[in-house]
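Quick note on my numbering: the sequence shown kicks off at 752 and runs consecutively. A virtual CB, placed ideally from N, CA and C, is assigned to each residue, including glycine. If you're wondering where the values come from, they're calculated on a predicted model, not measured in any experiment.
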Amino acid sequence: MKDRIKEYAKSIGFDLVGFTDADVFDIADVLRERGQKGYLSGLEKGDIEERIDPEKVLPGARSIIALGLYYGGAKKHENGKGRVSRSAWGRDYHTVLGSMMGELVEYLKKEYGAKSISLVDNNPMVEREIARRAGIGFYGKNCSIINPDMGSWIFLGEILTDLSIEPDAPLEHDCDDCERCIKACPTGAIAGPYEINAKKCLSYITVMKGFVPEEMKDKLQNRIYGCDICQEACPYNKINFRRNPTLALDIPYDMEDLSFILSMDNKRFMESFKQTSAGWRGRTVLQRNALIAAGNMRIKGLADTVAGLLADQRPVIRGTAAWALSRIMGAESLDILHRAYDAEKDEDVKREIEDAMYWMKEGN
Ligand code: SF4
Ligand code: SF4
752 MKDRIKEYAK SIGFDLVGFT DADVFDIADV LRERGQKGYL SGLEKGDIEE
802 RIDPEKVLPG ARSIIALGLY YGGAKKHENG KGRVSRSAWG RDYHTVLGSM
852 MGELVEYLKK EYGAKSISLV DNNPMVEREI ARRAGIGFYG KNCSIINPDM
902 GSWIFLGEIL TDLSIEPDAP LEHDCDDCER CIKACPTGAI AGPYEINAKK
952 CLSYITVMKG FVPEEMKDKL QNRIYGCDIC QEACPYNKIN FRRNPTLALD
1002 IPYDMEDLSF ILSMDNKRFM ESFKQTSAGW RGRTVLQRNA LIAAGNMRIK
1052 GLADTVAGLL ADQRPVIRGT AAWALSRIMG AESLDILHRA YDAEKDEDVK
1102 REIEDAMYWM KEGN
């Protein structure tokens, strides 16, 4: 049965397939400690019990099938543009994996009468722990799951089932004395080996709502969605394999073009980012990040667009536009910022404008 399931999963297009039992995961202390240290972002789903007990997701679960889909592949980023993480370079993986796993769930039902449920980043269960236990990868020091042959550009999905399937063994592999990801991380978010402070991670910062903390704005550089730095530094990701064709998506817009992002209305957003995994937090966070990218890169050609956004309806866009304009135009933006300040009613935005003017008065 195990071989047949594996063969079917591969025929659907999965690159990695492994099996583990449905026993409670032995990581409660680790999760508790992360919470105590303040390393959680707040986006995590569920409480600790829900994150480690398969029985809470599928009563009667006996096995878990861990699945992986490779999403690497080379792409050149152009100067003067934003940067979107590889995970969002194609169709939204939730949709792609969701439909592939739906096919596998149907197969398990038809062939074995199994009751099964598929998960892809839509449930509290700790997916990486499932992947580790099922032997499709090992934990890297940056907490990504690394397959020794494919690296860490892998989307993970899982199927919980009431079938009893012989588990695979975890891989006997580790990072050895490598620390490249820790050294490469620009914010110190990798607090130590296997320990991420999610609040300092740029992947989280790009999707957090509201104003980006001042000390993180320059660290974001030109990131619009996600951060791939620690994975790019990893020697296991040196080789780029062919991208899985199921992820291919033809979007008629350049999602790294800051001018496009800053001017996109809801319709354009639905036709572009919303087709990918970069759209789940909505249009505003992407436009806020594009303002920060324009400011960090001092793109003079965007000065008028940025100045126009000082009158936007959304406070976070007005405040971040003030920050960006001060970086792009320097002291030349003082008059414009003064006028914006006088017209502004929102206290948070006023503070952002004040900070931007203060930064220039400091001689920047
Ligand atoms: S994703 Fe970026 S910010 Fe987060 S740990 Fe990796 S390098 Fe650091
Ligand atoms: S860069 Fe080195 S330490 Fe970091 S995950 Fe890769 S192998 Fe492990």
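I need the boundaries of the beta strand (DSSP E) containing ARG1065, first residue and last residue. Segment: none, ARG1065 is in no beta strand (DSSP E) and carries neither H nor E.
Same chain, Cβ closer than 6 Å to ARG842, neighbours up to 5 away in sequence not counted: Within the same chain, ARG842 has close Cβ partners LEU998 and LEU1000.
Terminal residues of the continuous alpha helix (DSSP H) containing ALA1044? Element bounds for ALA1044: 1034–1047.
Pick helix, strand or coil for GLY824, following the three-state DSSP scheme. GLY824: coil per DSSP, three-state reduction.
GLU909 and ILE778 closer than 8 Å at C-beta: Cβ distance not < 8 Å, so GLU909 and ILE778 don't count as in contact.
Look up GLY961 in the DSSP assignment and say whether it is helix, strand or coil. Residue state, collapsed to three classes: coil.
By Cβ distance, which residues of its chain are closer than 6 Å to TYR987, with the 5 residues on each side in sequence left out? Non-local C-beta neighbours of TYR987 in its own chain, meaning closer than 6 Å and more than five positions away in sequence, comprise ILE897 and GLY902, ordered along the chain.
Where do the ends of the beta strand (DSSP E) carrying LEU911 lie? In the DSSP assignment, LEU911 falls within the beta strand (DSSP E) that extends over 905–912.
From the DSSP secondary-structure annotation, give me the bridge partner or partners of GLY888. DSSP lists no partner for GLY888.
Quick check on the contact list: which residues have their beta carbon closer than 5 Å to a heavy atom of ligand 2? Screening all residues for a C-beta within a distance smaller than 5 Å of any heavy atom in ligand 2 leaves GLY891, LYS892, ASN893, CYS926, CYS929, ARG931, CYS932 and CYS985, in chain order.
Tell me, which residues are paired with GLU946 by DSSP? Paired residues: GLY943.
Just the Cα atoms here: how many angstroms apart are GLY1059 and ILE933? Rounded to the nearest angstrom, the gap between the Cα atoms of GLY1059 and ILE933 is 40 Å.
Beta-bridge pairing of VAL835 - partner residues as DSSP gives them: In the DSSP output, where bridge partners are listed per residue, VAL835 has TYR976.
Cβ-heavy atom distance between ALA935 and ligand 1 below 7 Å? True, at least one ligand heavy atom lies under 7 Å from that Cβ.
Return yes when at least one heavy atom of ligand 1 lies under 7 Å from the C-beta of SER903, else no. SER903 Cβ: outside cutoff for every heavy atom of ligand 1.
Check whether the region 923–942 and the region 761–776 touch, using three or more Cβ-Cβ pairs below 8 Å as the test. Under the 8 Å Cβ criterion, the region 923–942 does not count as touching the region 761–776, having fewer than three qualifying pairs.
Is any heavy atom of ligand 1 found at a distance shorter than 7 Å from the C-beta of ILE881? Incorrect: ILE881 has no Cβ contact closer than 7 Å to ligand 1.
Report the three-state DSSP secondary structure of THR938 (helix, strand or coil). In the structure shown, the three-state DSSP call for THR938 is coil.
Report yes if the C-beta distance between CYS894 and ILE956 is below 8 Å; otherwise report no. In this structure, ILE956 does not lie closer than 8 Å to CYS894 by Cβ.
Beta-carbon contacts of PRO918 that lie in its chain and below 8 Å, excluding the five residues immediately before and after: Only PHE770, THR771, ASP772, SER814, ARG884 and ALA885 meet the Cβ criterion.
If you measure from the CB of SER954, is any heavy atom of ligand 1 nearer than 7 Å? Correct: SER954 has its Cβ closer than 7 Å to ligand 1.
Between VAL768 and LEU818, which are expected to be in contact by the criterion C-beta below 8 Å, what is the C-beta distance as a whole number of angstroms? At roughly 6 Å, the Cβ-Cβ gap stays under 8 Å, so VAL768 and LEU818 are in contact.
Rounded straight-line distance, which links the Cα of LEU1061 to that of ARG1069: One Cα belongs to ARG1069, the other to LEU1061, and the distance between them is close to 4 Å.
Pairwise C-alpha distance: SER915 and VAL958: Each residue's Cα considered, the two are about 39 Å apart.
Rounded to a whole number of angstroms, what is the C-alpha to C-alpha distance between ILE1002 and SER1028? So the alpha carbons of these two residues sit roughly 13 Å apart.
Where ASP979 falls, given that 16 or more other Cβ within 10 Å makes a residue buried: Classification of ASP979: buried, given that the 10 Å Cβ count is 16 or more.
Local conformation of ALA865 per DSSP, three classes: In this structure, ALA865 counts as coil in the three-state DSSP scheme.
Take GLY939 and list the residues in its own chain whose beta-carbon comes closer than 7 Å to its own, dropping the five residues that flank it on each side. Answer for GLY939: LYS951, listed in chain order.
Please classify GLN1026: is it buried, with 16 or more other beta-carbons within 10 angstroms of its beta-carbon, or exposed? For GLN1026, the number of other beta carbons within 10 angstroms of its own is at least 16, and it is reported as buried.
Which stretch, first to last residue, makes up the alpha helix (DSSP H) that contains VAL1100? Where VAL1100 is concerned, the enclosing alpha helix (DSSP H) stretches over 1098–1112.
Give me the residue from LEU1013, MET1006 and PHE1011 with the minimum Cα distance to PHE1024. If we check each option's Cα against that of PHE1024, MET1006 comes out closest.
Using only the alpha-carbon positions, how far apart do GLY789 and GLU758 sit? In this structure, the CA atom of GLY789 is about 42 Å from the CA atom of GLU758.
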